[in-house]
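**Student:** Here's a structure for you.
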Amino acid sequence: MDVSKVGLAVVGDEVLLGEVDDENIHLIGKEIGRIGADLILALILPDDYDSMVRHLSWMKGELDWVVITGGIGTTHDDRTREVVSKVTGRPLREDPRAVRFLENRLGGPVPENLGVLAMIPEGAELIENPEKSAQAFLIENLIVFPGIPRLVESMLGVLEEKLTGRPVGKREIFSGRRESEIAPRVAEVQACHPGVRIGSYPVTRESDYRVKLVIRSRDFKALDKAEKQLRAMIPV
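The sequence shown stops at residue 1502 when you use this note's numbering, and every number in between is there.
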């Protein structure tokens, strides 16, 4: 089975400038990892049309899937719909399915100021939202979510439907030695096992340990060998 290569783009000046704490990279990255796909990169993009077009066009061409969050609301700086339309070459159309969704949600006709929410790139697939409070859509290899983490989380099932992956094994080793002290030994083990990825992370909270080593691989035999070698070489 092929493993999907995925990119994530979080859209919003408020995230880029640190005015809002992003939760979507954590939510989506964790789900992609659970599926066994590869998250290649995550970008935070400004609410700037040209910048969004340039970066999303590149991501669309380089990756199997691009997940986008934010910028599909009703304000002047919500540019994601028109950017996705430009990147895919699909014009924005009033989608009858989106209109019905909004009418059901509002209990009546859609007012003019909310009409933009029914504008979807031609040929897009609407993504089911269990909360019935905002819509997302999929067009070609772009999956477009709203920016609100609670809503993103409610629609993550679409990733499992579309992405392909293989399980990634994970092992953790803790050491009370300084990271700089054990770094040469970790590098030696890494060199012996190119199919394994070893991450070294300082433990900053109060703990008996100073370093957490995380070993990951889809090759479970290689994973076991690397873990065994590390445990033999790294003092606890």
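Using N, Cα and C, we set each Cβ at its ideal position, and we do this for glycine too.
Computed from a predicted model, the values in this text were never measured in an experiment.
Given this structure, state the Cα-to-Cα distance separating Arg1444 from Val1477, to the nearest angstrom.
**Tutor:** Locating residue 1444 in the sequence shown gives position 178, counting from the first residue. Locating residue 1477 in the sequence shown gives position 211, counting from the first residue. Distance between the alpha carbons of Arg1444 and Val1477 is about 7 angstroms.
**Student:** Report yes if the C-beta distance between Arg1451 and Ile1481 is below 8 angstroms; otherwise report no.
**Tutor:** One-based indexing of the sequence shown puts residue 1451 at position 185. One-based indexing of the sequence shown puts residue 1481 at position 215. No, the Cβ-Cβ distance between Arg1451 and Ile1481 is not below 8 angstroms.
**Student:** What are the boundary residues of the beta strand (DSSP E) that Gly1295 is part of?
**Tutor:** Sequence index remark: in the sequence shown, residue 1295 carries index 29 (1-based). Run containing Gly1295: none in the beta strand (DSSP E); it sits in the alpha helix (DSSP H), 1290-1301.
**Student:** Take Asn1290 and list the residues in its own chain whose beta-carbon comes closer than 6 angstroms to its own, dropping the five residues that flank it on each side.
**Tutor:** Counted from its first residue, the sequence shown places residue 1290 at position 24. The answer, listed in chain order, is Val1276, Thr1335, Pro1415, Val1418.
**Student:** Determine whether the beta carbon atoms of Val1353 and Leu1322 lie at a separation below 8 angstroms.
**Tutor:** Position 87 of the sequence shown, counted from the first residue, corresponds to residue 1353. Position 56 of the sequence shown, counted from the first residue, corresponds to residue 1322. Yes, the pair counts as a contact, with Cβ atoms nearer than the cut-off.
**Student:** How big is the Cα-Cα spacing for Phe1403 and Leu1311?
**Tutor:** Counting from one through the sequence shown, the residue named residue 1403 turns up at place 137. Counting from one through the sequence shown, the residue named residue 1311 turns up at place 45. So the alpha carbons of these two residues sit roughly 19 angstroms apart.
**Student:** Taking only the alpha-carbon atoms, compute the straight-line gap between Met1421 and Phe1411 and give it to the nearest angstrom.
**Tutor:** Indexing the sequence shown from 1 puts residue 1421 at position 155. Indexing the sequence shown from 1 puts residue 1411 at position 145. About 8 angstroms.
**Student:** What residue does the alpha helix (DSSP H) around Met1325 start on, and which one ends it?
**Tutor:** By one-based count along the sequence shown, residue 1325 stands at place 59. Segment 1315-1328, the alpha helix (DSSP H) holding Met1325.
**Student:** Would you tell me roughly how many angstroms separate the C-alpha atoms of Asp1268 and Glu1427, rounded to the nearest one?
**Tutor:** Here residue 1268 corresponds to residue number 2 of the sequence shown, with the count starting at 1. Here residue 1427 corresponds to residue number 161 of the sequence shown, with the count starting at 1. Going from the Cα of Asp1268 to the Cα of Glu1427 covers about 14 angstroms.
**Student:** One question on the structure: do Pro1475 and Ser1441 come within less than 8 angstroms of each other, judged by their Cβ atoms?
**Tutor:** Walking along the sequence shown from the start, residue 1475 turns up at place 209. Walking along the sequence shown from the start, residue 1441 turns up at place 175. Reading the sequence as shown, one finds Tyr at residue 1475 and not Pro. Closer than 8 angstroms, so yes.
**Student:** Is it buried or exposed, Glu1369, if we count other Cβ atoms within 10 angstroms and call 16 or more buried?
**Tutor:** Indexing the sequence shown from 1 puts residue 1369 at position 103. Under this definition Glu1369 is an exposed residue.
**Student:** Given that a residue counts as buried once 16 or more other Cβ atoms are within 10 Å of its Cβ, and exposed if not, what is Gly1278?
**Tutor:** By one-based count along the sequence shown, residue 1278 stands at place 12. So Gly1278 ends up on the buried side.
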